[in-house]
Structures are given as structure tokens and as C-alpha cells.
Amino acid sequence: MNPVELILKKRSGAELTPDEIGWLILSYSAGHIPEYQMSAFLMAVFFRGMTDRETVHLTRCMMESGVVLDLSDSPGIKVDKHSTGGVGDKVSIILAPMVAACGVPVPMISGRGLGHTGGTLDKLESIPGFSTQMGLDEYRAQLKRLGTVLIGQTRDLAPVDKELYGLRDVTGTVESIPLIAGSIMSKKLAEGIDALVLDVKSGKGAFMKTEADARQLAERLVSIGQGFGKTTVAWLTRMDEPLGWQVGNWLEIRECIDCLNGADGGDLMELTYLLGGTMLVLGGKAGTQQEGESLCREAIRSGKAMDVLIRVTEAQHGDSSYLKNPAKRGQAPVQVQVTADQEGYITGIDAGEVGMTGIMLKAGRMRKEDPIDPLTGMTLHRKTGESVKKGDALFTIHAASDDGLDSIISRLRNTVSIGHHQPEKRPLVIDRIDSTTLRPS
3 MNPVELILKK RSGAELTPDE IGWLILSYSA GHIPEYQMSA FLMAVFFRGM TDRETVHLTR
63 CMMESGVVLD LSDSPGIKVD KHSTGGVGDK VSIILAPMVA ACGVPVPMIS GRGLGHTGGT
123 LDKLESIPGF STQMGLDEYR AQLKRLGTVL IGQTRDLAPV DKELYGLRDV TGTVESIPLI
183 AGSIMSKKLA EGIDALVLDV KSGKGAFMKT EADARQLAER LVSIGQGFGK TTVAWLTRMD
243 EPLGWQVGNW LEIRECIDCL NGADGGDLME LTYLLGGTML VLGGKAGTQQ EGESLCREAI
303 RSGKAMDVLI RVTEAQHGDS SYLKNPAKRG QAPVQVQVTA DQEGYITGID AGEVGMTGIM
363 LKAGRMRKED PIDPLTGMTL HRKTGESVKK GDALFTIHAA SDDGLDSIIS RLRNTVSIGH
423 HQPEKRPLVI DRIDSTTLRP S
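Using this note's numbering, the first residue of the sequence shown is number 3, and each one after it goes up by one.
The structure is reproduced here in C-alpha cells:
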């Protein structure tokens with residue numbers, strides 16, 4: 003085959019065959035196709051898109067470029083969850099032990115924070131000693147023993163995806179629905195899961211800014227899962243303001259501990275119970291969404307979910323005494339309040355800007371190699387729709403020092419919009435997408 007012919011074929015909008023996609027991906031991975039030709043192909047996909055069939059074949063090629071785990075020795079239906087990312091999104095840390103406590107195995111491979119979005123691995127590693135790296139044999143053994151495992155991406159899973167993403171990142175082709183979907187699903191399917199629940203976010207703090215784009219991505223993800231014979235459900239949710247009350251790695255772990263110990267949790271637990279209920283239905287432990295959510299609430303109430311997180315922390319070399327006594331971890335040296343400069347109703351909190359402010363505090367990173375301060379971040383004191391008076395606390399900043407605090411305070415205050423009229427409350431959950439709701443490609 004000739005790479006130029008395949009580039010021209012995709013540029014014209016034609017559908018590539020499985021053999022053509024396979025040859026292109028494997029040849030690039032083997033070093034037989036130069037980056038400039040693969041860049042041209044990615045740009046053709048960016049402008050012309052891919053059919054569902056093409057995206058399934060692309061996903062399969064990326065998945066099969068590395069190890070595809072066989073988890074058949076672990077009993078039960080293995081169900082994972084994936085979020086497209088947001089600010090304050092700490093759901094996985096509560097969800098995985100909660101669902102595992104209900105008897106559904108959760109093999110969870112997560113990522114790091116980058117840009118305004120936080121990463122599950124960074125949050126977990128703020129627990130002293132917690133290791134997010136382990137060999138695949140150890141991974142299988144822990145899943146079988148404890149029902150869940152929380153680790154980072156390994157070199158063995160979908161390695162060509164990492165190569166392609168690096169190329170997309172420097173060629174302006176990141177925001178392509180089929181390429182995003184193939185990247186996500188190749189890694190998830192390589193985990194050896196039986197079913198998948200997706201949290202596809204839209205809004206100011208999400209990767210997909212509009213509901214229409216988020217819906218398109220969710221439909222493509224569900225379609226790929228269906229193409230592999232994996233039951234896949236996507237929930238469309240809002241990410242206009244941060245999820246929960248804490249933004250920052252250890253701050254978010256403390257919030258998770260509170261929720262696992264029975265605290266109300268607000269929107270954070272609303273979403274966690276929603277996703278958990280769906281996972282229990284897909285895992286065969288609940289007959290309905292309502293029953294699944296009820297079982298999840300009982301796992302929290304009984305303390306079983308917290309017990310699973312403690313055992314997972316100990317198995318992954320973390321010091322569980324910090325989960326039992328979070329105050330032992332201490333806090334950032336500097337705490338400063340950000341207050342409202344006028345009276346009214348909060349009409350919005352820009353989650354994306356809050357996340358970017360976190361980077362100024364070193365609670366997040368712009369480059370993969372940037373260091374993280376586990377103790378810094380922000381506590382929210384108000385959410386959209388609440389009334390405030392001048393001088394009321396909007397945030398508490400947790401900082402390592404006074405350096406640059408004035409600009410951080412100013413930027414954070416500007417993330418909050420205050421108006422004279424109380425805004426209409428918008429539901430956190432927008433829609434559910436599964437195989438029965440898919441539109442023809």
C-alpha cells in the first residue's frame with residue numbers, strides 16, 4: 003500500500019477499509035511511515051472525520067498494538083468508568099471502592115492532570131506512599147483479591163496511542179471526535195473489561211465546551227463499545243462549575259474521605275451514585291438504576307466502601323493512617339479567603355478558570371514534567387444560585403507561600419459572576435446515551 007494514496011482517499015472523504023487502517027497504523031508504529039505523512043493523514047481525519055466502522059477499526063489497531071489483558075480468572079463482570087475530565091472531579095476515588103464493595107470488580111487505569119483538569123493519579127499520590135505503578139501480574143492479583151485496583155497507564159497498553167497523541171498535540175489535530183474516541187477506547191478496552199460507564203462532560207471546565215460536541219463524542223464512544231461487544235453507557239453531565247467543594251490533590255482526597263464516611267457530598271455524590279448505580283446494573287448486581295444507587299448508598303452507610311479504599315491503599319504501599327486521621331497530613335502553610343465584592347446571587351463559577359488558577363498554586367500542571375504541590379488548592383464556599391453579601395467568603399486559597407497571591411486572589415474572584423436575580427437551577431445530568439439511543443452514523 004501507498005500512504006499518499008490513503009491520505010488522498012481520506013482527504014476526499016472516502017471510507018478506508020480495515021486493512022488500509024491497519025496497514026497505516028502498524029507501518030507508522032514500526033517506523034516505516036514518517037511523521038509528516040501521518041500528520042497529513044491525521045489532518046485529513048480532522049477535517050473529513052471517520053465513520054463508526056473506521057473508528058472501530060482504528061481503535062482495534064491501537065488496542066492490539068500492545069497487551070490486551072485477560073481478566074477471566076477474576077470472577078464477575080468487570081466494569082470500569084471513564085470521565086472526559088473536569089475540575090474537582092474526584093469521583094473515581096469514591097466510586098471504585100464503593101462499586102467493588104457491592105461485588106462488581108473495577109479494574110481502573112487512570113491518568114494525570116494536565117492543563118485545567120485534575121488527574122486521579124495525582125490525587126491518589128497525595129496519600130503518602132501510595133504507588134500508582136505495578137506490574138500486570140500484580141494488577142490481576144489485586145483485582146481478584148480486593149475487587150479493584152487504581153493505577154496509571156502502563157507502556158504495555160495501547161502504546162501506539164501515545165505516539166499518535168504526541169503527534170496530534172503538535173499538529174493541531176487533538177480536537178477530532180473519532181481520534182479522541184479511539185484514543186480513549188483503545189486504552190479502556192485493553193484493560194480487559196466487560197462493560198464501561200462513561201461520564202462525558204460539557205461546559206467551561208470540560209474538554210468539550212458545548213453540549214452538542216459532548217453528545218457527539220458520547221455517541222461515538224458508545225458506538226465503539228458496541229462494536230467490540232462491550233455494554234457501554236454514557237452519561238452527559240455539566241462541568242460549568244467545579245464538582246464538589248475542593249480543588250487540589252490532598253484537599254480532594256479529604257473530601258473523598260468525608261464522603262466515604264457518610265458526608266452529604268452534594269453534586270459530587272449525586273454523580274457518584276448515578277455512575278455507581280449504572281455500573282452495578284451492567285455488573286449484574288442490580289436490576290434497575292434505582293436499585294443500583296440504593297446498593298451504593300448502603301455500601302457508604304455501612305462503611306464497606308471506606309474499608310475497600312483502606313485495603314487498596316495498604317496494598318498499593320500507601321499509609322492508610324492518613325485516611326483514618328486526615329488531619330495528620332497537615333495543610334498548606336498559607337490560607338487566604340477570597341470574598342465577594344458585591345451583593346447578589348452567584349450566576350456562575352467558571353470551572354476552567356478555577357482550574358487554571360490551581361496551576362498558579364502548583365495544584366496542577368501545564369506540562370507533564372511540572373511538579374505538583376499536594377497540599378495546595380482551593381475550597382469553595384458558595385455554588386451557583388446561592389445568595390451572597392459583600393464580604394462573604396467565596397473561596398479559601400491554600401498556598402505554599404505569599405508569592406503571587408494578589409494576582410491569584412484577583413483571578414479567582416473574577417471566576418465568580420454575581421447578578422441581581424437568582425438563576426434557574428440547571429440539572430447536573432443532561433442525558434443518558436446507550437445502544438438504544440444511538441443515531442445512525
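Yeah, the Cβ is synthetic: ideal placement off N, Cα and C, and Gly gets one too. Small disclaimer: the values here were computed from a predicted structure and weren't measured.
Bridge partners of Q248 according to DSSP: T381. Residue pairing of Q337 in beta bridges, as defined by DSSP: H400. Around G421, the same chain offers G346, Y347, T349 as residues with beta carbons nearer than 7 Å, after the five sequence neighbours per side are excluded. Between D163 and S185, the gap from beta carbon to beta carbon is short of 7 Å. I435 places its beta carbon less than 7 Å from that of E221.
Excluding the 5 residues flanking it on each side, L262 has same chain C-beta neighbours closer than 7 Å at I96, I302, A307, M308, L311, in chain order. Inclusion of P328 and R256 in the CB contact set at 7 Å is warranted, their separation being smaller than that value. Short of 6 Å from the beta carbon of Q228, and not among the five residues preceding or following it, lie these beta carbons of its own chain, in chain order: S437. In this structure, the beta-carbon distance from L18 to E66 does not fall below 7 Å. The way I'd put it, the segment 70-79 doesn't touch the segment 28-48; fewer than three beta-carbon pairs between them come closer than 8 Å. Looking at the backbone, the Cα of T234 and that of M380 are separated by about 34 Å. Taking the Cα of I182 as reference, the smallest distance to any Cα among D201, P107, T212, L223 is reached at L223.
Q344 counts as exposed, since fewer than 16 other beta carbons sit within 10 angstroms of its beta carbon. Below 8 Å, enough C-beta pairs join the segment 127-142 and the segment 318-327 to call them touching: three or more. A residue is called buried when at least 16 other Cβ atoms come within 10 angstroms of its Cβ; A16 does not meet this threshold and is exposed. Out of E355, D215, G168, L60, the CA that lies nearest to the CA of V202 is found in D215. Counting C-beta atoms within 10 angstroms of its own C-beta, D266 has fewer than 16 neighbours from the protein chains shown and is therefore classed as exposed. Ranked by Cα distance from Q339, the first of G168, F397, G286, P161 is F397. Collapsing the DSSP output to three states places R434 in a strand.
By a beta-carbon distance limit of 8 Å, V89 does not contact G250. Their separation comes to about 10 Å.
Taking a C-beta distance under 7 Å as the contact criterion, I226 and D82 do not qualify as a contact pair. If only uninterrupted alpha helix (DSSP H) runs of at least 4 residues are considered, those enclosed by the segment 60-117 are 93-103.
G264 is not a Cβ neighbour of L282, given a cutoff of 7 Å. In this structure L152 does not touch S188 by the C-beta definition: roughly 20 Å separates them, more than the 8 Å allowed. Bridge pairing for S389: Y347 [DSSP]. The C-beta of Q155 has 16 or more other C-beta atoms within 10 Å across all chains shown, which makes the residue buried. Assigned with DSSP and collapsed to three states, L363 falls in coil, not helix or strand.
In the assembly as shown, A32 is an exposed residue. Its beta-carbon has fewer than 16 other beta-carbons within 10 Å. The three-state reading of DSSP puts A208 in coil, since its state is none of H, G, I, E or B. Beta-bridge analysis with DSSP links G154 to S112.
As DSSP reads the structure, A197 sits in a beta bridge with V81, T233.
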